[in-house]
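Taken in order, the sequence shown gives residues 12 to 270; the numbers are from my numbering.
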Amino acid sequence: MSGYALDNSWEHANRRLALLEQMLDPMTERRIKMLGVGQGARCLEVAAGSGSIAKWLCEQVGQTGSVMATDINTTLLDEIRLPNLEVQQHDIVKSELPASAFDFVHARWILHHLREPERAIRRMVDALRPSGWLLLEEVDFFPVHASSSDVIREFMVALVNTVVKASGRDCFWARILPETVAAMGLAQVGGEGEFPVIQGGSPAAEFFELTAVQMRDQLLATSALPLSRLDQALQLLKSPDLWAFGGGNIAVWGQRSAT
Ligand SMILES: C[S@@+](CC[C@H](N)C(=O)[O-])C[C@H]1O[C@@H](n2cnc3c(N)ncnc32)[C@H](O)[C@@H]1O
Numbered sequence: 012m013s014g015y016a017l018d019n020s021w022e023h024a025n026r027r028l029a030l031l032e033q034m035l036d037p038m039t040e041r042r043i044k045m046l047g048v049g050q051g052a053r054c055l056e057v058a059a060g061s062g063s064i065a066k067w068l069c070e071q072v073g074q075t076g077s078v079m080a081t082d083i084n085t086t087l088l089d090e091i092r093l094p095n096l097e098v099q100q101h102d103i104v105k106s107e108l109p110a111s112a113f114d115f116v117h118a119r120w121i122l123h124h125l126r127e128p129e130r131a132i133r134r135m136v137d138a139l140r141p142s143g144w145l146l147l148e149e150v151d152f153f154p155v156h157a158s159s160s161d162v163i164r165e166f167m168v169a170l171v172n173t174v175v176k177a178s179g180r181d182c183f184w185a186r187i188l189p190e191t192v193a194a195m196g197l198a199q200v201g202g203e204g205e206f207p208v209i210q211g212g213s214p215a216a217e218f219f220e221l222t223a224v225q226m227r228d229q230l231l232a233t234s235a236l237p238l239s240r241l242d243q244a245l246q247l248l249k250s251p252d253l254w255a256f257g258g259g260n261i262a263v264w265g266q267r268s269a270t
């Protein structure tokens, strides 16, 4: 699994990814509309997870368009039946993509897990047709340092560092996404960012709780977070009195030249 720590075959993976989608989809959909992706477009959704954006894209592009959704583990995509959707098992680290094939290529919350994100971005750029758009959305956890709760700060940093450990990175990579995309020779490169303010008991809080449950053994093995502190954080994440900052979502887009 290329060192990816949060296997989609886990029994609660669908719920966990649905919570992520709930948190991020409105912003992703707004950006895709802004880029003008519509009827007839051929789209590629890389590392599609449980597929909410792939499904939404199928509606946007209609019967004259198409969507290819790839993931290293397609367990959660295989049940989706839509006439203009094709699901393919694909490892963005190891395998090429169809060249110059898509009007729109999107990937969200995958590059920070990879040892060589630049290589994956190059693959996605090469998959664009002339005038096609790339949209990448990645998380940088800098806002967690500003959370008022020591317990949550410590928990978040330990958790996300454990998740991305296999990639040899930390959870503060996405800040270089704009210059990384700009170096790929695309035109009209632009970007924006936002971060969620998380209340205990909310869907966003449950996402981080479930991530910690899935990563529990590895997290405790790092000794970055003692068990008592983990339990305290999990309690806080259920409490409506908690207000904390989640990871910063950095979005960057760019267009392949017309020739
Ligand atoms: C954090 S989830 C994000 C899912 C989806 N992009 C979203 O934002 O809702 C990361 C996804 O990347 C997939 N993944 C991990 N390593 C991958 C790789 N090397 N190639 C393709 N997909 C990969 C995982 O299986 C998982 O579905």
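Each residue gets a CB set at the ideal place from its N, CA and C atoms; glycine is no exception.
Same chain, Cβ closer than 8 Å to residue i, neighbours up to 5 away in sequence not counted
| i | result |
| --- | --- |
| L30 | P214, A215, E217, F218 and L221 |
| L17 | A24, R27, V174, T222, Q225 and M226 |
heavy atom of ligand 1 below 7 Å from residue i C-beta
| i | result |
| --- | --- |
| D89 | no |
| R42 | no |
Straight-line gap, residue i to residue j (C-alpha atoms, nearest Å)
| i | j | result |
| --- | --- | --- |
| N25 | E148 | 20 Å |
| I261 | V72 | 25 Å |
| G201 | K176 | 29 Å |
| C182 | L188 | 13 Å |
| S142 | I64 | 21 Å |
| L108 | R134 | 7 Å |
| L145 | M38 | 16 Å |
| G60 | E32 | 9 Å |
Any chain D beta carbon closer than 8 Å to residue i
| i | result |
| --- | --- |
| A157 | Annotation note: the requested chain D is absent from the structure, which comprises a single protein chain. |
Residues of its chain near residue i, where Cβ-Cβ distance is below 7 Å and the 5 sequence neighbours each way are ignored
| i | result |
| --- | --- |
| M34 | P207, P214, A215 and F218 |
| R164 | V155, H156 and S158 |
| Q243 | V162 |
| P251 | Q210, G211 and G212 |
Identity of the residues DSSP links to residue i by a beta bridge
| i | result |
| --- | --- |
| G265 | L145 |
| A110 | Answer by DSSP bridge pairing: none, since A110 is not bridged. |
| F219 | According to DSSP, F219 bridges with nothing at all. |
Close-in-space but distant-in-sequence residues of the same chain around residue i (CB under 6 Å, 5 per side omitted)
| i | result |
| --- | --- |
| A110 | D137 |
| L68 | C54 and V78 |
Listed in chain order, which residues are found with a beta carbon closer than 7 Å to a heavy atom of ligand 1? Selection output, chain order preserved: M12, S13, Y15, L17, N19, L28, L31, E32, L35, V57, A58, A59, G60, S61, S63, I64, T81, D82, I83, N84, H101, D102, I103, V104, A118, R119, W120, I121, H124 and L125.
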